[in-house]
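Visitor: Before I ask anything, here is the structure I am working with.
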Amino acid sequence: MPNLVLKGAELAADIAACRTERGSVAFWWLGQNGFAIKGADTTLYVDLYLKDDPRRATPPAFRPDEVVNADLVLGTHDHSDHVDRTALPGVLSASPGARLLASKVTRARLVSEGYPADRVLGLDDGETVRFDWGHVSAIRAAHEFFDRDPDLGYPHLGFVVCINGVTLFHAGDGVPWEGLISAIADHDPDIVFIPINGRDGARLRRKCYGNYTFQEAVDICGALRPKLCVPMHYDMFPGNQERVELFTDYLDVKYPGLPCWVGNPGERVVAGPWP
Numbered sequence: 308m309p310n311l312v313l314k315g316a317e318l319a320a321d322i323a324a325c326r327t328e329r330g331s332v333a334f335w336w337l338g339q340n341g342f343a344i345k346g347a348d349t350t351l352y353v354d355l356y357l358k359d360d361p362r363r364a365t366p367p368a369f370r371p372d373e374v375v376n377a378d379l380v381l382g383t384h385d386h387s388d389h390v391d392r393t394a395l396p397g398v399l400s401a402s403p404g405a406r407l408l409a410s411k412v413t414r415a416r417l418v419s420e421g422y423p424a425d426r427v428l429g430l431d432d433g434e435t436v437r438f439d440w441g442h443v444s445a446i447r448a449a450h451e452f453f454d455r456d457p458d459l460g461y462p463h464l465g466f467v468v469c470i471n472g473v474t475l476f477h478a479g480d481g482v483p484w485e486g487l488i489s490a491i492a493d494h495d496p497d498i499v500f501i502p503i504n505g506r507d508g509a510r511l512r513r514k515c516y517g518n519y520t521f522q523e524a525v526d527i528c529g530a531l532r533p534k535l536c537v538p539m540h541y542d543m544f545p546g547n548q549e550r551v552e553l554f555t556d557y558l559d560v561k562y563p564g565l566p567c568w569v570g571n572p573g574e575r576v577v578a579g580p581w582p
């Protein structure tokens, strides 16, 4: 089980106190695909999963009411470890200025469930939403399948986030598809967050939808050549994990010198500025 370096109010205080210079961001891994991202004085959360589920191998980083500093909460797709309905009402209450951003498919579901329409934003593949701190663009993801809704678009997304002069790509969950690398490369990301836990028939049979293998994730990073690679989605649930050292070793052998971060959840990481 990964150890939380900081958690709860202590972690929230560390995020609130952090300031990054132009051309740099800070991030905190929260387990699975979850991250807090700080650029200047703006705080984003991606795939915030806080449910106190006994199956978890990585404990929750916060109680929902401890997330008091969110400006935007992004959910890449509507699975409970990425859009956590047990946590979102508490997060929105604790961070009254925060909004949610998800696919248009997920947004429609959330609004139909009573989430305030003015606090939930929706994107589809190729679309961008702009804020005073930067912008977020969506790239479709194939979580085994695209599952495109004919009216609302793609339910599974990766997000390109431009904040404080840094471009991040958070892949969400997905598998390779023709054109994926060029779609990401068009944004020239500085940091790539990518799942590595793979897929197989046994998992798909029980509706545990798959992700890139560690080899596929390494090759995507090798093609994109970001300034930092960050593997994710390898720690949380027994039976759907991966040894992260397989990713780092393959990356080191195949693309020597390509920077990578692997650490513990709740640890502050500052990336940039770069020459």
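Under our numbering, the first residue of the sequence shown carries the number 308, and numbering increases by one thereafter.
Built from N, CA and C at the ideal position, the CB exists for glycine as well.
1) Would you check whether the ligand ADP has a heavy atom nearer than 8 Å to the C-beta of E549?
2) Quick check on G382: buried or exposed, where buried means 16 or more other Cβ atoms within 10 Å of its Cβ?
3) Check the DSSP bridge columns for A478 and list the partner residues they point to.
4) Would you kindly check if the distance between the Cβ of R329 and the Cβ of A347 is under 9 Å?
5) Hey, which unbroken runs of the beta strand (DSSP E) at 3 residues or more fall wholly within the segment 415-444?
6) Could you give the distance in angstroms between the alpha-carbon of S410 and the alpha-carbon of V482?
7) Apply the 10 Å Cβ neighbour rule to G564 and answer buried if 16 or more other Cβ atoms are within range, or exposed otherwise.
8) Go ahead and pull the three-state DSSP assignment for C592.
9) G315 by DSSP, collapsed to three states: which one?
10) State buried or exposed for T327, treating a residue as buried only when at least 16 other CB atoms are found within 10 Å of its CB.
11) Does the Cβ of R452 have 16 or more other Cβ atoms within 10 Å, making it buried, or fewer, making it exposed?
12) Starting from the Cα of P367, find the closest Cα among G508, H389, H384, A490 and give me that residue.
Guide: Let me lay it out:
1) Among the components of this structure there are no ligands whatsoever, and the ligand ADP is therefore not found.
2) With 16 or more other CB atoms across the displayed protein chains lying within 10 angstroms of its CB, G382 is buried.
3) The secondary-structure analysis by DSSP pairs A478 with nothing; it has no beta-bridge partner.
4) It is a contact, given that the beta carbons lie within the stated cut-off.
5) If we require 3 residues or more, the beta strand (DSSP E) runs fully inside the segment 415-444 come out as 427-430, 435-438.
6) Taking the straight line from one Cα to the other gives about 18 Å.
7) Exposed is the call here.
8) Summary: the structure shown does not reach residue 592, with the chain confined to residues 308 through 582, and so no result is reported for it.
9) Helix, per DSSP.
10) T327 counts as buried, since at least 16 other C-beta atoms from the protein chains shown sit within 10 angstroms of its C-beta.
11) It should be pointed out that residue 452 corresponds to Phe in this sequence rather than to Arg. Burial call: exposed.
12) Ranking the options by Cα distance to P367, first place goes to H389.
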